[in-house]
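Protein chains in written order, with my numbering: chain A, 1 to 204; chain B, 205 to 408. Virtual Cβ for every residue (Gly too), placed ideally from N, Cα, C. Structure, as structure tokens:
Protein chains: 2
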Amino acid sequence: MKYHKIPDETIKRMPMYLRAFSILKTQNQETISSQQLAERLHLNPPQIRKDLSYFGAFGTRGIGYPVSSTAEQIRSILKLDVSQQAVLVGAGRLGTAIASYPGFSMFGFDIAAIFDNDNNKIGKTIGKNLVENVAEIVTLKARNIRLAILAVPANAAQGCADALIDAGIKGILNLSPCYLNVPKRVKVITIDIAMELGILPYYI
Amino acid sequence: MKYHKIPDETIKRMPMYLRAFSILKTQNQETISSQQLAERLHLNPPQIRKDLSYFGAFGTRGIGYPVSSTAEQIRSILKLDVSQQAVLVGAGRLGTAIASYPGFSMFGFDIAAIFDNDNNKIGKTIGKNLVENVAEIVTLKARNIRLAILAVPANAAQGCADALIDAGIKGILNLSPCYLNVPKRVKVITIDIAMELGILPYYI
DNA sequence: TTGTGGTTGTGCTCACAATCACAAGCAAAC
DNA sequence: GTTTGCTTGTGATTGTGAGCACAACCACAA
């Protein structure tokens, strides 16, 4: 399995595996077979084995995968072994909901700063962060933060993205319903809730 | 192109086309070529043509696609030509953010009811809806609502899903980080924000 | 030391989606 | 009426990922 390009679809499944292994660890289970794991995640056992084997041989034949060390391996592959700092732009309802989302901590994410353009919000505290003026985004350069979560209206998204990229941001989770024009080196993932909901009626 | 199964990936792109055509309509543009549309959406022209042609011939050779009527066609394909009523379960921060999300109206969605299990929230008003007790989900049967948005903690998600399905819900947009066990006839779409964010560090 | 049950790792095959290339066809100009 | 330019619709090709079957292998027991 050496010298193989790793499929994007495999990468997409890795956080799912990480979460499963993390939960198993808290339950003090020491090993798990691809069969058992597949039942939990509703996948096929060979797919799980193939996914994991792209990164090397983690398991033991006849036994399964060691929970604790495999979790650490995946964490390291996804670069989640060090705490990842992220900034949030947009302190509206969606932004504040995101900021207080408990699920991030499992992956080691930490909201390190929050920005907004509304004077009524600037200066207020959300969680442990003070809401700063979007004009201050430029100060991120010095702080070496590489991830941003964008929760602003669609018409403001591109402008914020430009400022973030200029300030050294390398990855953006975009929650606005729009395409962001960014340089190739910047990775954008867009989640468009309305669009996802839009396909449901077709299937029912 | 008759008698072809329509790819899931095509369906996923249809709401994107619908939004684009809707915006073009407000800008009073009468026709658009696959080339122009591809530039807007950052897709390839042949892909757009093939996607649309699965549902019949909408365009005019030499001219392009008529904005207004194509929008209506797509709306009808996705069953968004009639207002789709949906219920929201979970009136926490994420739930309230979703309830007031402006993007739903473009697709004709309407939040028709909101449920929560927290006595502090039950009875309060969010937007035009009164927050009801989750125990009342059973009353949905009489209201003929088929869509639900699930914004509750992971450990409560399966229980709520069971109640919703029992009350006649056919499609669920699940925002909890967990797999939902549902009958085959029910369509579930899960959005896991933390998991999406989890793949970003790998790419940067 | 050898045998056995069980599980991983992976080459191969199949299915599906993206892309290409071109024929078909419409509109407008002359 | 005919020609020209442009754009669609689609069969054929290529690329990518999922699934399967089996060889390789480990741990443990006898």
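Check, Outcome
"So is ALA154 of chain A in contact with chain B if we call contact Cβ pairs under 9 Å?", "yes"
"In terms of DSSP beta bridges, what is ASP118 of chain A paired with?", "Looking at the DSSP assignment, ASP118 of chain A forms no beta bridge with any residue, so it has no partner."
"Under a three-way DSSP split, which group does PHE279 of chain A fall into?", "As displayed, chain A neither begins before 1 nor continues past 204, which places residue 279 of chain A out of reach and without an answer."
"With distances taken Cα to Cα, identify the nearest neighbour of LEU384 of chain B among B:GLU234, B:GLY363, B:LYS345.", "B:GLY363"
"Could you give the distance in angstroms between the alpha-carbon of GLY321 of chain B and the alpha-carbon of ALA224 of chain B?", "According to the sequence as given, residue 321 of chain B is Asn; it is not Gly. So the two alpha carbons sit approximately 38 Å from each other."
"Please tell me whether LYS283 of chain B has its Cβ less than 9 Å away from any Cβ of chain A.", "yes"
"Taking contact to mean at least 3 C-beta pairs separated by less than 8 Å, is the stretch 47 to 64 of chain A in contact with the stretch 83 to 103 of chain A?", "no"
"Using a C-beta cutoff of 9 Å, does PRO66 of chain A count as contacting chain B?", "no"
"Smallest Cα separation from ILE302 of chain B: which of A:VAL188, A:LEU94, A:GLN29, A:ARG143?", "A:LEU94"
"Tell me, to the nearest whole angstrom, how far the beta carbon of TYR101 of chain A is from that of ILE397 of chain B; I am working on the premise that it is less than 8 Å.", "7 Å"
"If you pair each beta-carbon of the stretch 372 to 387 of chain B with each one of the stretch 132 to 147 of chain A, do three or more pairs fall below 8 Å?", "no"
"Measuring only the C-alpha atoms, how far is PRO250 of chain B from ARG185 of chain A?", "26 Å"
"On the DSSP bridge assignment, give the partners of GLU336 of chain B in chain order.", "B:PHE319"
"Against chain A, does LYS391 of chain B count as a neighbour if the rule is that its beta carbon must be under 9 Å from one of theirs?", "yes"
"Alpha carbon to alpha carbon, how far is PHE308 of chain B from LEU245 of chain B? Give it in angstroms, no decimals.", "20 Å"
"Apply the 10 Å Cβ neighbour rule to GLY198 of chain A and answer buried if 16 or more other Cβ atoms are within range, or exposed otherwise.", "buried"
"Verify the CB distance criterion: does HIS208 of chain B have a CB-CB separation below 9 Å to chain A?", "no"
"With distances taken between CB atoms, is the gap from ILE326 of chain B to ASN337 of chain B smaller than 9 Å?", "yes"
"Strictly below 7 Å CB to CB, what residues from chain B border LYS170 of chain A?", "ILE408"
"Taking the alpha-carbon of ILE191 of chain A as reference, which of A:LEU200, A:PRO177, A:TYR202, A:LEU43 has the nearest alpha-carbon?", "A:PRO177"
"Taking LEU41 of chain A as the query, report the chain B residues whose CB atoms sit under 9 Å from its CB, ordered along the chain.", "TYR383"
"Helix, strand or coil for GLY299 of chain B, going by three-state DSSP, please let me know.", "helix"
"Nearest-angstrom Cα distance between ALA91 of chain A and ALA355 of chain B?", "19 Å"
"Does any CB atom of chain A fall closer than 9 Å to the CB of LYS325 of chain B?", "no"
"For LEU52 of chain A, does the count of other Cβ atoms within 10 angstroms reach 16, so buried, or fall short, so exposed?", "buried"
"Note down, in chain order, each residue of its chain lying with its Cβ closer than 7 Å to the Cβ of ALA365 of chain B, except the 5 sequence neighbours on either side.", "LEU354, ILE376, LEU384, VAL386"
"Using a 10 Å radius around the Cβ and a threshold of 16 neighbouring Cβ atoms, would you call LEU282 of chain B buried or exposed?", "buried"
"Consider the Cβ of ASP162 of chain A: report whether some Cβ of chain B lies at a distance smaller than 9 Å.", "no"
"With DSSP as the reference, identify every bridge partner of ALA352 of chain B, one or two as the case may be.", "B:VAL291, B:ILE376"
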